[in-house]
Amino acid sequence: MCIRVRQTSIKRRCVVAFFACLSVLSTAVAVLAACASPETKVPVCPDVEVVFARGLGEPPGVGAVGQAFVDSLRSNTGRDVGEYGVNYPADKKEVTLGVADMNAHIDSMVVNCPGTELVVGGYSLGGAVTTEALREPQPSGTDRQVAAVVIFGNGSKVVGVPVGMSPQFADKTIDLCNPQDPVCSEGPSLEPHLQPAYIGGGAVRSAVDFAVKKLNSDPPLETG
Numbered sequence: 000m001c002i003r004v005r006q007t008s009i010k011r012r013c014v015v016a017f018f019a020c021l022s023v024l025s026t027a028v029a030v031l032a033a034c035a036s037p038e039t040k041v042p043v044c045p046d047v048e049v050v051f052a053r054g055l056g057e058p059p060g061v062g063a064v065g066q067a068f069v070d071s072l073r074s075n076t077g078r079d080v081g082e083y084g085v086n087y088p089a090d091k092k093e094v095t096l097g098v099a100d101m102n103a104h105i106d107s108m109v110v111n112c113p114g115t116e117l118v119v120g121g122y123s124l125g126g127a128v129t130t131e132a133l134r135e136p137q138p139s140g141t142d143r144q145v146a147a148v149v150i151f152g153n154g155s156k157v158v159g160v161p162v163g164m165s166p167q168f169a170d171k172t173i174d175l176c177n178p179q180d181p182v183c184s185e186g187p188s189l190e191p192h193l194q195p196a197y198i199g200g201g202a203v204r205s206a207v208d209f210a211v212k213k214l215n216s217d218p219p220l221e222t223g
């Protein structure tokens with residue numbers, strides 16, 4: 000009986016040792032695999048990307064006007080259209096953050112997705128962000144990749160941003176202002192400036208027609 004107990008004890012220790020070694024080996028293999036095959040993020044490069052700054056107080060994303068524009072552009076181009084909502088608080092005091100993020104994203108697309116045509120724009124406060132972001136002359140790669148600029152109810156004068164962008168974008172820009180919109184023109188009521196007025200009043204349709212024309216007229220971008 001003593002011999003049997005001793006044999007059982009030895010077997011148990013061997014089993015424990017085996018699983019301990021197996022655990023160490025599995026960990027080592029996992030570490031080696033992680034080192035040998037690091038994760039690489041491949042950028043997603045659509046045919047066209049809309050880079051859009053939403054209006055004052057809208058939740059993160061491209062905003063209501065921006066989404067209406069993106070959806071209509073997709074259905075009218077037959078191409079893969081991506082979207083990027085400028086990452087900023089959508090507050091009048093934070094326009095510079097929107098400008099910085101818009102420029103950084105455009106620069107990133109020029110480097111990582113040189114074959115993607117960009118449509119840049121914004122609504123209301125986002126229009127001021129767009130105007131300021133494109134005020135200074137851009138590198139040659141950037142001005143070629145930006146196919147169109149679309150602005151709705153430009154809020155530049157409300158936040159004290161001078162209206163006007165680099166001449167590079169003069170013939171690529173459509174700046175839409177509803178009649179009697181008090182933000183970008185003169186008017187007694189805020190209603191002409193609200194999202195439904197721009198979505199349902201024909202401005203989105205005009206912007207899409209303009210962008211499609213610019214996208215179709217530009218020669219294919221060189222990708223390397």
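Numbering that gives the first Met the number 0 applies: residue 0 is where the sequence shown begins, and numbers increase by one.
Beta carbons are placed, not taken as given, at the ideal position from N, Cα and C, and that holds for glycine.
Would you mind working out which of the options sits nearest residue i, comparing C-alpha positions?
i, options, result
"Arg264", "Ala146, Ser188 and Lys91", "Lying outside 0 to 223, the shown extent of the chain, residue 264 is not represented and no answer is given."
"Val207", "Pro136, Gly120 and Ser139", "Gly120"
"Val69", "Glu57, Tyr83, Val128 and Val160", "Tyr83"
"Phe168", "Glu135, Gln179 and Pro178", "Glu135"
"Lys156", "Tyr87, Asp180 and Ser74", "Asp180"
"Val145", "Ile105, Val158, Pro178 and Gly163", "Ile105"
"Phe209", "Asp170, Pro178 and Pro187", "Asp170"
The ligand FAD and residue i: does any heavy atom of the ligand fall closer than 6 angstroms to the residue's C-beta?
i, result
"Pro59", "The ligand FAD is not part of this structure, which contains no ligands at all."
In or out: residue i buried (at least 16 other Cβ within 10 Å) or exposed?
i, result
"Gly154", "buried"
"Asn215", "exposed"
"Gly126", "buried"
"Glu57", "buried"
"Glu38", "Bear in mind that a pLDDT of 48 at Glu38, under 50, signals an unreliable position, so the number given afterwards is only what the model happens to contain. With fewer than 16 Cβ atoms within 10 Å of its Cβ, Glu38 is classed as exposed."
"Lys213", "buried"
"Val211", "buried"
"Val203", "buried"
"Gly97", "buried"
"Glu185", "exposed"
"Gly65", "buried"
"Asp100", "buried"
Taking a contact to mean a Cβ-Cβ separation below 7 angstroms, would you say residue i touches residue j in this structure?
i, j, result
"Leu189", "Ser165", "no"
"Ala147", "Val118", "yes"
"Gly152", "Val182", "yes"
"Ile198", "Ala67", "yes"
"Glu131", "Val160", "yes"
"Leu55", "Ser123", "yes"
"Val43", "Phe51", "no"
Touching by the beta-carbon criterion (3+ pairs, under 8 angstroms), the stretch 90-107 and the stretch 190-200: no
Whole beta strand (DSSP E) elements within the stretch 152-220, 3-residue minimum: 172-175
contact_flag[the stretch 76-85, the stretch 45-61] where n(CB pairs < 8 angstroms) is 3 or more: yes
Three or more C-beta pairs below 8 angstroms linking the stretch 169-179 and the stretch 100-110: no
Continuous alpha helix (DSSP H) assignments of at least 4 residues falling wholly in the stretch 47-97: 62-76
Runs of alpha helix (DSSP H) wholly within the stretch 104-149 (minimum 4 residues, chain order): 124-132 and 139-144
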